[in-house]
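Asks: Sharing a structure here in structure tokens format.
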Amino acid sequence: MKVTFYLRFRTQFGQSLSIRQTQEQQGKDAITAETPMLYLNEEYWHLAVEVDASKVTRLRYQYVLNDMDDQQVNEARADRVLDLSQSTIPEWQTVDTWTGEGEFENVFFTSPFQQVLLPEEGKIITKPVHIFTHIFKVKAPLLKKNEVVCLAGSGQALGNWSKTGALMLSKEGKWWNVKVNMPAKDFPLKYKYGTYNTKEKEYGSLEVSNDRFLPEDASPAGLTVIHDGFAKFPDNTWKGAGVSIPVFSLKSKSSFGIGEFADLKLLADWAKEAGLKLIQILPVNDTTATHSAADSYPYAAISAVALHPVYVNLEKVAGKKYTSILKQLKKKQKQLNDLVELNYEQVLKFKLSALKELFVAQKENYQEDPAFLTFFQANKHWLVPYAAFCYLRDKNGTADYSQWKQYSHFDKAAIEKFVSPKAKYFEEIAVHYFMQFHLHLQLKEATEYAHKKGIIVKGDIPIGIYRYSCDAWMNPDLYNMNIQAGAPPDDFAVKGQNWGFPTYNWQKMQENGFAWWRNRFEQMSNYFDAFRIDHILGFFRIWSIPVDAVEGIMGYFVPSIPLHLNEFKDRGIWLEQDRYTKPYITDTVLQDIFRESAEQIMELYLDEKGDGFYALKPDFDTQKKVEAHFAGPGSDGQDPKIKIGLFDLISNVILFKVPGPEEEFHFRIDMGNTSSFKSLDHHVQHQLNELYVDYFYRRQDQFWKKEAMKKLPALKVSTNMLVCGEDLGMVPHGVPEVMNQLGILSLEIQRMPKDPNREFFHPNDAPYLSVVTPSTHDMSTIRGWWEEESIKTQRFFNNELGEWGEAPLTCEPWINKAVIVQHLYSPAMWSVFQLQDILGMSDTLRRENVNDERINIPADPKHYWRYRMHITLEQLLKENVFNEDLKTYIHGSGR
Numbered sequence: 001m002k003v004t005f006y007l008r009f010r011t012q013f014g015q016s017l018s019i020r021q022t023q024e025q026q027g028k029d030a031i032t033a034e035t036p037m038l039y040l041n042e043e044y045w046h047l048a049v050e051v052d053a054s055k056v057t058r059l060r061y062q063y064v065l066n067d068m069d070d071q072q073v074n075e076a077r078a079d080r081v082l083d084l085s086q087s088t089i090p091e092w093q094t095v096d097t098w099t100g101e102g103e104f105e106n107v108f109f110t111s112p113f114q115q116v117l118l119p120e121e122g123k124i125i126t127k128p129v130h131i132f133t134h135i136f137k138v139k140a141p142l143l144k145k146n147e148v149v150c151l152a153g154s155g156q157a158l159g160n161w162s163k164t165g166a167l168m169l170s171k172e173g174k175w176w177n178v179k180v181n182m183p184a185k186d187f188p189l190k191y192k193y194g195t196y197n198t199k200e201k202e203y204g205s206l207e208v209s210n211d212r213f214l215p216e217d218a219s220p221a222g223l224t225v226i227h228d229g230f231a232k233f234p235d236n237t238w239k240g241a242g243v244s245i246p247v248f249s250l251k252s253k254s255s256f257g258i259g260e261f262a263d264l265k266l267l268a269d270w271a272k273e274a275g276l277k278l279i280q281i282l283p284v285n286d287t288t289a290t291h292s293a294a295d296s297y298p299y300a301a302i303s304a305v306a307l308h309p310v311y312v313n314l315e316k317v318a319g320k321k322y323t324s325i326l327k328q329l330k331k332k333q334k335q336l337n338d339l340v341e342l343n344y345e346q347v348l349k350f351k352l353s354a355l356k357e358l359f360v361a362q363k364e365n366y367q368e369d370p371a372f373l374t375f376f377q378a379n380k381h382w383l384v385p386y387a388a389f390c391y392l393r394d395k396n397g398t399a400d401y402s403q404w405k406q407y408s409h410f411d412k413a414a415i416e417k418f419v420s421p422k423a424k425y426f427e428e429i430a431v432h433y434f435m436q437f438h439l440h441l442q443l444k445e446a447t448e449y450a451h452k453k454g455i456i457v458k459g460d461i462p463i464g465i466y467r468y469s470c471d472a473w474m475n476p477d478l479y480n481m482n483i484q485a486g487a488p489p490d491d492f493a494v495k496g497q498n499w500g501f502p503t504y505n506w507q508k509m510q511e512n513g514f515a516w517w518r519n520r521f522e523q524m525s526n527y528f529d530a531f532r533i534d535h536i537l538g539f540f541r542i543w544s545i546p547v548d549a550v551e552g553i554m555g556y557f558v559p560s561i562p563l564h565l566n567e568f569k570d571r572g573i574w575l576e577q578d579r580y581t582k583p584y585i586t587d588t589v590l591q592d593i594f595r596e597s598a599e600q601i602m603e604l605y606l607d608e609k610g611d612g613f614y615a616l617k618p619d620f621d622t623q624k625k626v627e628a629h630f631a632g633p634g635s636d637g638q639d640p641k642i643k644i645g646l647f648d649l650i651s652n653v654i655l656f657k658v659p660g661p662e663e664e665f666h667f668r669i670d671m672g673n674t675s676s677f678k679s680l681d682h683h684v685q686h687q688l689n690e691l692y693v694d695y696f697y698r699r700q701d702q703f704w705k706k707e708a709m710k711k712l713p714a715l716k717v718s719t720n721m722l723v724c725g726e727d728l729g730m731v732p733h734g735v736p737e738v739m740n741q742l743g744i745l746s747l748e749i750q751r752m753p754k755d756p757n758r759e760f761f762h763p764n765d766a767p768y769l770s771v772v773t774p775s776t777h778d779m780s781t782i783r784g785w786w787e788e789e790s791i792k793t794q795r796f797f798n799n800e801l802g803e804w805g806e807a808p809l810t811c812e813p814w815i816n817k818a819v820i821v822q823h824l825y826s827p828a829m830w831s832v833f834q835l836q837d838i839l840g841m842s843d844t845l846r847r848e849n850v851n852d853e854r855i856n857i858p859a860d861p862k863h864y865w866r867y868r869m870h871i872t873l874e875q876l877l878k879e880n881v882f883n884e885d886l887k888t889y890i891h892g893s894g895r
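With the first letter of the sequence shown counted as 1, position 378 gets the number 378 in the working numbering; the numbers rise by one all the way through.
Listed below in structure tokens is the structure:
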């Protein structure tokens, strides 16, 4: 049997196409091969193959673009299939349209839209067609309720453009299709797809695009299958609005001083009443490393998949049979629940204690529960090591596994023996199975409940892993443990951020097809419909800080193309390495930083080098050494400003030397503001500045794009969740291009325009595949920002809101509302708002103290995450007037 593929695609010089076929054979494994296609003309590429019809039952295929930079770009998911099992046709031909990942319609085939958000399409029974020459196929994911697709066109077979002669299509998988017997006289053929409402018995609009065209019937003796991509109907977009809040911030009458998974059901009830379609939360993985307030940081999980026990609802675990165990906690529960802020340590302490008691009472029964056994078998690969890790953490008093007396190095066989049910400590391990099982049930129940309300749930994937996590313990070779991840300086953290996480060893991860990431996505898809990739820029390059540094300003991007010694020579710069790579310390520098304490600093921390220059003593020549000194015995009386001043001395450099024999360097970011740079002569400054601009803004772009394309396509294709990226910060030019190409939604924030020439981003300028929001958990709320920067808000008031005169000193409810409504009318697919910003529209519902609305302060690495709602979800549900008004704004904007 001969199969000829024709693909409509206009390539550029240097590009080529190939086809990836998977031949599914009866009783044998499928065979996959990739074959180069041949250029036919400006419109088409083609390829003819011979297929053994006696063996091949189905032929699945996908097109691949081989780009000029040796990169392959895959089409969207491979869902073109030719069913050859019953065929006696000697010759097949396909006429296909390229479907790129970046075409926005692909989004509507992700699980949130297919399973929750889109209305039920119409169904129609078509008469079987026994004689046919063509099969027309098209995708139409955004049909209205009760609509089906129809086909009209020139020629007798397609009704000569009459509505009554239009052919109805039926749905198979993602494709609407119809079989047609096309006589040769109907060619050349023009046609369009349209809609038909099966309930109202009415035809809708035809496509808004130009007529589709088939020049001739190239296979009169065979069968032609036409895959036409997406139908282009008018108003073929969809928009929704959502609320963003961490689970720990939720508050209900029955919670235990912290938001719980069960509270998501009440939040879904309110979202439904308010016309919202999405709930966005922060990471909910277990962060229990120290049993202290430091564990409140949700991005430092000890497991990338285990859920946090603090979110469990104890009453659901106890059931009616064991409710007596919780009676003694009722007073404590009320005390904690009445607090204005979350007391993380107390909540965790009492919940873990209660969970252990409930486990002892139920241990005989739950281990025989078929649901638990199914859960255990499906999750054993991560659950057993996680439970062992938790036990060893508590036994050794630290999550730093390098300090454990036994099992400091993970050994799978040894751990499986260690967790034997016969071990005397088995119950202390099994309690973690018990907790994870109930957390799984409760989160699953909550998200399924949200689905019934027409609400999807969006999770959050941190870019890093905790240094002392179960993941690092199990697979240390997947991470660069000698590096710390962070972010470069910005308006919110002027010295950068140091998250302390190790960076990923992407080369090692790629060796097994990114299995760690695929497992992570699979686990998330049990609960979530969409997810936000925290700091998606980390897939292009990550801000990497040496382990001996404390501040983020000491980092540089990895991977990146360094500067070679010869580049400085070519510009007439004689690179004295100590001068450029070591801290520049002079009397003037010391006076500027330490003022009257300068002499004391010289004596305690510095060695003289002569000629008015100084070097830090070996005991203080790194930021980590300085930090340890000020945290050590006898440091209580020392001025913390001295520590910061010493940090500033250490960071007063122009270049970082790349470890190794090569003479290669990276620029210290914000080099131009260092006193080291300012002391150079103007010619050298000019030459360095030109190199600096090239280093950060030109030379890396294509390199970073290639890095991202090694990772993101493989990861995106491994999940059917909706993928959103947090693309904030120093955004390389290639980032929007890659995200558009892969159909990953961007994040657009009014206060953080990506165009450096603009002070504010206007929601009207957002791309369709994006999420717009006025603030995130890392920022102050609308009200908070208004009171922080009066000069900026005055310009915002006049230029962005279009108001005359002087801006109010505080963000009055009508201003808050104007900002929300502005975002609702954005062309972006999603408008998502922090709950605090939504409540800010009401004079009675907003919080009294605006400073209490803030969730996180990125510049403070020791920030205590404890924001809670100041009213309960039950109270919010009763605010009928407010909820109805919000619903009116949302629906009025077309969301």
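The beta carbon of each residue, even a glycine, is placed where N, CA and C say it ideally should be.
From Leu276, Phe372 and Gly153, pick the residue whose C-alpha is nearest to that of phenylalanine 434; which is it?
Replies: For the residues Leu276, Phe372 and Gly153, the minimum Cα distance to phenylalanine 434 belongs to Phe372.
Asks: Of the residues Phe797, Trp814 and Pro813, which one's Cα is nearest the Cα of alanine 807?
Replies: The option with the nearest alpha carbon to alanine 807 is Phe797.
Asks: Using CA atoms only, rank isn't needed, just tell me which of Phe437, Gly632, Ser292 and Pro861 is closest to valine 384.
Replies: With distances taken between Cα atoms, valine 384 lies closest to Phe437.
Asks: Can you tell which of Leu82, Val658, Arg795 and Ser254 has the C-alpha that lies nearest to the C-alpha of valine 558?
Replies: Valine 558 has its Cα closest to that of Val658, out of Leu82, Val658, Arg795 and Ser254.
Asks: Thinking C-beta only, is alanine 301 closer than 8 Å to serine 469?
Replies: Contact flag set, yes.
Asks: Comparing alpha-carbon positions, which option in Asp885, Phe132, Ala157 and Lys320 lies nearest valine 821?
Replies: The candidate whose alpha carbon is nearest that of valine 821 is Asp885.
Asks: The ligand GDP heavy atoms versus the CB of phenylalanine 13: any closer than 7 Å?
Replies: This structure does not include the ligand GDP; it has no bound ligands of any sort.
Asks: Under the assumption that tyrosine 401 contacts tryptophan 499 (Cβ atoms under 8 Å), give the Cβ distance between them as a whole number of angstroms.
Replies: Not a contact, Cβ separation roughly 19 Å.
Asks: Near leucine 266, what residues of its chain come up, given a Cβ to Cβ distance below 6 Å and the 5 sequence neighbours on each side ignored?
Replies: Cβ neighbours of leucine 266 beyond the five flanking positions: Ser252 and Leu873.
Asks: Spatial neighbours of lysine 624 within its chain, please: CB distance less than 8 Å, with the 5 preceding and 5 following residues excluded, ordered by chain position.
Replies: Excluding positions up to five away in sequence, the list reads Val547, Asp548, Ala549 and Val550.
Asks: Since I believe aspartate 529 is in contact with serine 111 (beta carbons under 8 Å), could you give me their beta-carbon distance rounded to a whole number of angstroms?
Replies: That belief holds up - the Cβ atoms of serine 111 and aspartate 529 are roughly 6 Å apart, short of 8 Å.
Asks: Looking at the secondary structure, which residues open and close the alpha helix (DSSP H) in which tyrosine 605 lies?
Replies: 598-605 is the extent of the alpha helix (DSSP H) around tyrosine 605.
Asks: In the DSSP assignment, find the unbroken beta strand (DSSP E) run with alanine 33 in it and report its ends.
Replies: First-last of the beta strand (DSSP E) with alanine 33: 31-36.
Asks: In angstroms, rounded to a whole number, what distance separates the CA positions of tryptophan 382 and valine 305?
Replies: Going from the Cα of tryptophan 382 to the Cα of valine 305 covers about 8 Å.
Asks: Taking the C-alpha atoms as reference points, what is the distance between glycine 840 and valine 819?
Replies: Rounded to the nearest angstrom, the two C-alpha atoms are 11 Å apart.
Asks: Count the other CB atoms within 10 Å of the CB of leucine 715; is the residue buried (16 or more) or exposed (fewer)?
Replies: With 16 or more other Cβ atoms within 10 Å, it is buried.
Asks: Count the other C-beta atoms from every protein chain shown that fall within 10 angstroms of the C-beta of serine 292, then say buried if there are 16 or more, exposed otherwise.
Replies: Result: exposed.
Asks: When burial is assigned at 16 or more other CB atoms within 10 Å of the CB, is threonine 810 buried or exposed?
Replies: Exposed, by the Cβ-count rule.
Asks: Say whether chain D places a C-beta atom closer than 8 Å to the C-beta of threonine 781.
Replies: In the structure shown, chain D cannot be found, because there is only a single protein chain.
Asks: By DSSP's criteria, glutamate 81 is part of a beta bridge. Which residues make up the other side?
Replies: The amino acid at residue 81 is misidentified as glutamate; the sequence shows valine. Per DSSP, Arg60.
Asks: Using a threshold of 8 Å, state whether the C-beta atoms of glycine 552 and glycine 486 are closer than that.
Replies: In contact: glycine 552 and glycine 486 (Cβ atoms closer than 8 Å).
Asks: Starting from cysteine 811, follow the alpha helix (DSSP H) in both directions and report where the run begins and ends.
Replies: From DSSP, cysteine 811 is part of no alpha helix (DSSP H); its letter is neither H nor E.
Asks: In the DSSP output, which residue or residues are listed as bridge partners for asparagine 498?
Replies: According to DSSP, asparagine 498 bridges with Gly486.
Asks: Is it the case that the Cβ atoms of methionine 739 and glycine 729 are separated by a distance below 8 Å?
Replies: Not in contact: methionine 739 and glycine 729 (Cβ atoms no closer than 8 Å).
Asks: What is the DSSP secondary structure of serine 111, reduced to helix, strand or coil?
Replies: In the structure shown, serine 111 sits in a helix (DSSP, three-state: H, G or I).
Asks: Using C-beta distances below 8 Å, list every residue in its chain close to valine 225, excluding the 5 sequence neighbours before and after it, in chain order.
Replies: Taken in chain order, the residues that qualify are Leu82, Trp92, Gln93, Thr94, Val95, His134, Ile135 and Lys137.
Asks: If we ignore side chains and look at the alpha-carbon of each, how far apart do alanine 899 and glutamate 848 end up?
Replies: No information on residue 899 is available, as it lies outside the stretch 1 to 895 that the chain covers here.
Asks: Which residues bound the beta strand (DSSP E) around threonine 94?
Replies: 91-97 is the extent of the beta strand (DSSP E) around threonine 94.
Asks: Could you say if the region 143-158 and the region 195-204 meet the contact criterion of at least three C-beta pairs nearer than 8 Å?
Replies: In short, these stretches touch, since the Cβ pair count reaches three.
Asks: Do phenylalanine 568 and alanine 446 count as a contact pair if the criterion is CB distance below 8 Å?
Replies: No, these two residues do not count as a Cβ contact at 8 Å.
Asks: How long is the line joining the alpha carbons of lysine 179 and phenylalanine 132, rounded to whole angstroms?
Replies: Cα to Cα, the separation comes out at about 6 Å.
Asks: Just list the alpha helix (DSSP H) runs in the region 311-355, keeping only unbroken ones of 4 residues or longer that don't cross its boundaries, in chain order.
Replies: Here the runs fully enclosed are 314-318, 324-327 and 330-337.
Asks: Can you list, in chain order, the residues of its chain whose CB lies under 6 Å from that of alanine 981, leaving out five sequence neighbours each side?
Replies: Here the chain covers residues 1 to 895 and nothing more, so residue 981 does not appear.
Asks: Out of Glu748, Gln335 and Asn757, which has the shortest C-alpha to C-alpha gap to asparagine 764?
Replies: That would be Glu748, whose Cα lies nearest to the Cα of asparagine 764.
Asks: Starting from lysine 444, trace the alpha helix (DSSP H) in both directions and tell me its first and last residue.
Replies: 426-452 is the extent of the alpha helix (DSSP H) around lysine 444.
Asks: Under the DSSP definition of a beta bridge, which residues are partnered with leucine 655?
Replies: Phe667, per the DSSP bridge assignment.
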